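Written out below as structure tokens is the structure these notes cover.
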Amino acid sequence: MKRLIRVFCCLVATTAAFTPSQPSVVSSTYLSSSYLDGMSAASTSMMKPASYGFTGSSYGNNPQQQQESFGASLSVPQQQQQRQPASSTAAAAADDMEFSFAPASYFAKEKLVSKGPRPTADWGTPADASLKLCDDGTFRAGSWYCTEGGWPSSDKGKAVTEVFYVAEGYGSLDDADGVRHYFGPGDTVIIPKGHTGRWDVYQPIHKVWAVNAHDNIEERGQPIRIQVDRYNSLAPHFLTPTLGGNDPLYGQTTLSNSAGTSSKTFYNVGPTQVGAWTSEAGNTVQVHQGKRAWIHLLEGIVVITNAATGVSRRCVAGDTMVVPAGWCGYVDVIQRTKKLWTVAL
Numbered sequence: 000m001k002r003l004i005r006v007f008c009c010l011v012a013t014t015a016a017f018t019p020s021q022p023s024v025v026s027s028t029y030l031s032s033s034y035l036d037g038m039s040a041a042s043t044s045m046m047k048p049a050s051y052g053f054t055g056s057s058y059g060n061n062p063q064q065q066q067e068s069f070g071a072s073l074s075v076p077q078q079q080q081q082r083q084p085a086s087s088t089a090a091a092a093a094d095d096m097e098f099s100f101a102p103a104s105y106f107a108k109e110k111l112v113s114k115g116p117r118p119t120a121d122w123g124t125p126a127d128a129s130l131k132l133c134d135d136g137t138f139r140a141g142s143w144y145c146t147e148g149g150w151p152s153s154d155k156g157k158a159v160t161e162v163f164y165v166a167e168g169y170g171s172l173d174d175a176d177g178v179r180h181y182f183g184p185g186d187t188v189i190i191p192k193g194h195t196g197r198w199d200v201y202q203p204i205h206k207v208w209a210v211n212a213h214d215n216i217e218e219r220g221q222p223i224r225i226q227v228d229r230y231n232s233l234a235p236h237f238l239t240p241t242l243g244g245n246d247p248l249y250g251q252t253t254l255s256n257s258a259g260t261s262s263k264t265f266y267n268v269g270p271t272q273v274g275a276w277t278s279e280a281g282n283t284v285q286v287h288q289g290k291r292a293w294i295h296l297l298e299g300i301v302v303i304t305n306a307a308t309g310v311s312r313r314c315v316a317g318d319t320m321v322v323p324a325g326w327c328g329y330v331d332v333i334q335r336t337k338k339l340w341t342v343a344l
């Protein structure tokens, strides 16, 4: 009997230890503690979802495993297969409406281009590698990897606004006054143009990023602050239903059913907006005039169709897409979906 009581007490204690924490505004000190716990796998509430495409030592998706997991849901819906390209007049401008697309495997670490060790490092031997997906002169996207170490950032200030999603690893960014912002897997980090401070990488970091090279420093506060948004802050109850077809990601839209979409814009400064977008399975979103956007799929499966060409892309968790301003087409939600997005106005 005493043995049974001890087992019961252990089970209760274990359950309590793994109860997800409630999202809230937290200090850098709390984040430091959370991420140190995360390094020993004690904290899971901030991590990227299990379905996310970047896993293990290689970030490639396994089509066979996806087929076993999702079955027939991976197939493109019949209505999608029947879509036709736009008129010849619209098709003539199709070259300007092309999407840039990268599956998770495109950014596998072994495919990144080495940039060598950082010459300004003051601890460790940080060496980084990167790979660009696209660049229109102002808006660009890609992936970056770096080993352990730390270095001060340029005193001239960051030349662009960068948004990145942490696929793996732990690190921190300091502001000019020494305030430290910790981040880890599943976090979204925003470095505004003009920011100065330092980088520290505690475990090798692999991130996917988008950059907006706008003209002016838009942040008015001093010093300019890093912003870190944890994955659990994108939970459904923190998002707002999209009303009236005015979608913060896709602009003016028409929905196929009443399930609707939800979104949250958590950064909106000058010409840069960052947010999350979700939709239930079965939705078809018709985009009439989309915004120039970087989209990183966090959960689910969607098919995005370019109406100018009739070309469709099936996207799964871990995939990245960049769409041009003014694009029109369809977003078919095959499996409940969550996206991270950045819009460059």
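Quick note: the sequence shown uses numbering that gives the first Met the number 0, first residue 0, plus one each step. For every residue, glycine included, the Cβ atom is placed at its ideal position computed from N, Cα and C. Note that the coordinates shown come from a computational prediction; the quantities given were computed from them, not determined experimentally.
The C-beta distance from Trp326 to Val286 rounds to 7 angstroms, short enough to meet the 8 angstroms contact threshold. Cβ-Cβ distances below 8 angstroms link Arg197 to Gly149, Trp150, Pro151, Ser152, Leu172, Asp173 in the same chain, with the five nearest sequence neighbours on each side left out; the list follows chain order. The straight-line gap separating the alpha-carbon atoms of Arg313 and Ile303 is approximately 7 angstroms. In terms of Cβ geometry, Gly170 and Asp199 form a close pair [threshold 9 angstroms]. Fewer than three Cβ pairs drawn from the region 314 to 323 and the region 265 to 284 lie within less than 8 angstroms of each other, which leaves the two stretches out of contact. Of the other Cβ atoms in all chains shown, 16 or more fall within 10 Å of the Cβ of Thr241; this residue is therefore buried.
If you draw a straight line from the Cα of Val227 to the Cα of Lys114, it is about 26 angstroms long. Boundaries of the beta strand (DSSP E) around Leu339: 328 to 343.
If the five residues before and after Val159 are omitted, its C-beta is found closer than 7 angstroms to the C-beta atoms of Lys192, Val210, Asn211, Ala212, all from its own chain and listed in chain order. Around the CB of Glu109, fewer than 16 other CB atoms lie within 10 Å, so the residue is classed as exposed. Contact check for Ile190 and Val165: beta-carbon distance about 13 angstroms, past the 8 angstroms limit, so the pair fails to qualify.
Within the same chain, Cβ atoms closer than 7 angstroms to the Cβ of Gln288 are found at Gly250, Gln251, Gly325, Cys327, the five residues on either side in sequence being excluded. For Phe106 and Cys133, the gap between their C-alpha atoms comes out near 13 angstroms. The three-state reading of DSSP puts Pro116 in strand, counting E and B together. Residues of the same chain with a CB within less than 6 angstroms of the CB of Phe163, apart from the 5 flanking positions on each side, are Val188, Lys206, Trp208 in chain order. Using a 10 angstroms sphere on the CB of Val112, the tally of other CB atoms stays under 16, which defines it as exposed. In the structure shown, Glu109 falls within a helical segment according to DSSP collapsed to helix, strand and coil. Rounded to the nearest angstrom, the gap between the Cα atoms of Ala128 and Asp246 is 35 angstroms. Contiguous beta strand (DSSP E) elements confined to the region 259 to 288 occur at 260 to 268, 271 to 278, 283 to 286, taking only those with 3 or more residues. Going by beta carbons, Thr336 and Trp293 fall outside the 9 angstroms limit. The beta carbons of Phe138 and Asn305 sit no closer together than 9 angstroms.
Under a 10 Å Cβ-count criterion, Leu339 is classified as buried, with 16 or more other Cβ atoms of the shown protein chains found around its own Cβ. If the five residues before and after Arg224 are omitted, its C-beta is found closer than 6 angstroms to the C-beta atoms of Asp174, all from its own chain and listed in chain order. One Cα belongs to Gly309, the other to Leu254, and the distance between them is close to 19 angstroms.
Phe182 sits in a strand when the DSSP states are folded into three classes.
In the structure shown, His295 falls within a strand segment according to DSSP collapsed to helix, strand and coil. In the three-state reduction of the DSSP assignment, Pro240 falls in the strand class, which pools E and B.
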